[in-house]
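Structure, as structure tokens:
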Amino acid sequence: MLMWDRIGNKCKHLVLSNNKSIMITWLPIASGILAVCFWGVSFVAIKIALPQMRLETMIFLRQLLGTLTVAIIVGLRGEWQIPSRGNLPRIFLTSFVGIVLHQWLQAQGMLTTTAIVSSWLSALAPILIACMSWIWLREQFVAVQAVWLLLAGLGAVLVVSGSWQGLFQGRFGGIGTVLVLSSAIVWALYSIMLKTLMYQSNLGMTTLNILMLGLLMLTPLFVYSGGWKDFSTISYSGWISVVILGVGSTGLASILYNYSLKHMSGTLVASLQYPEPLITVVVASVLLQEIFSFSMLIGGSLILFGIWRVQSADVHTQH
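According to this note's numbering, the sequence shown is numbered sequentially starting from 14.
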């Protein structure tokens, strides 16, 4: 077996067997990175779509397209399978947390904050996952990790303050930043719930069941708000954004992320989210002309550095 120094030693990247087959298990890593790319773009797509439609309309269309995308993939792979009755309550709760609650908090928060700030706050998810794993899964958590948690937290406060002056004056953003940060907490909880489901379930059908239940829960909100009335006023760019959100960031990204989560440790999957805010910064600067200030650069760097150190400490404790 051939081991690589960094990521390789966590995933057993290259396996040689009797000179007949070579299995490169970098596929889960590639899947996770591609999912992160979709999510990085999704913050910009949300900012483009929201002014053109009700929040309920955007979330419903996103979920509808995502569910159809995963259903097609599952159908082509012949993975149709009815979930066990014992798993249904867990699937339902996971769907509510990861689909309904997370998407509503994120979209509602982004009505009043920028794509760049939202992405940096969402980047805190790996640290939140580490904290929740320590609390609920009894995973190891060493004292030095608390230092890096505080450092990443300082970076997040600096990002939402917008400047050093805002930080010292106690301006920590409005309700939008609170909602986006709450969505990151919810996403971390969803990831832990999903990880436990993936241990004993079919990947494709579990993903489809979660998305389908989410769609069923969102449909009454869409109907009650009269969301279909927005269809005639959505521009070309709005529809493109919805397709990116539905097919890419919900459908394909769900399959890719869940595949990574099933075949890799939660710690490593979480670390793959590092590039997400960087992708958002580039796309938002070009398409939305959002300003990426020097203080945001410092704050974002503190977030990424803190996350990296927490993950590194976690890896060392496991060895």
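Backbone N, C-alpha and C fix where the C-beta goes; we use that ideal spot for every residue, glycine too. Keep in mind the model is a prediction, meaning the values are calculated, not measured.
Distance check between Trp-200 and each of Ile-112, Asn-215, Ile-72 places Ile-112 closest, using alpha-carbon atoms only. Annotation for Ile-205: the continuous alpha helix (DSSP H) segment containing it runs 188–211. Taking the Cα positions, Leu-234 is about 7 Å away from Glu-69. In the three-state reduction of the DSSP assignment, Pro-41 falls in the helix class, which pools H, G and I.
Rounded to the nearest angstrom, the Cβ distance from Lys-60 to Ala-128 is 5 Å, consistent with a contact under 8 Å. A distance below 7 Å between beta-carbons, with the five flanking residues on each side excluded, links Leu-301 to the following residues of its chain, in chain order: Val-57, Lys-60, Ala-128. Closest in C-alpha terms to Ile-188, from the list Ala-120, Pro-64, Ser-97, Gly-261, comes Ala-120.
Under a 10 Å Cβ-count criterion, Thr-219 is classified as buried, with 16 or more other Cβ atoms of the shown protein chains found around its own Cβ.
When the beta-carbon positions are compared, Ile-292 and Gly-53 come within less than 8 Å of each other. Put simply, the backbone Cα of Ser-314 is about 12 Å away from that of Leu-137. Per DSSP, reduced to three states, the secondary structure at Ser-97 is coil, with no helix or strand assignment. If you check the CB distance, Ser-262 and Ser-131 do not come in under 8 Å. For Glu-303, the three-state secondary structure derived from DSSP is coil. In chain order, Gln-76, Ser-108, Ile-112, Val-113 place their CB closer than 7 Å to the CB of Gly-227, counting only its own chain and leaving out the 5 sequence neighbours on each side. In this structure, the CA atom of Pro-96 is about 24 Å from the CA atom of Gly-259. Less than 8 Å divides the Cβ of Leu-74 from the Cβ of Val-255. For the pair Asn-215 and Gln-94, the CB atoms are nearer than the 8 Å cut-off.
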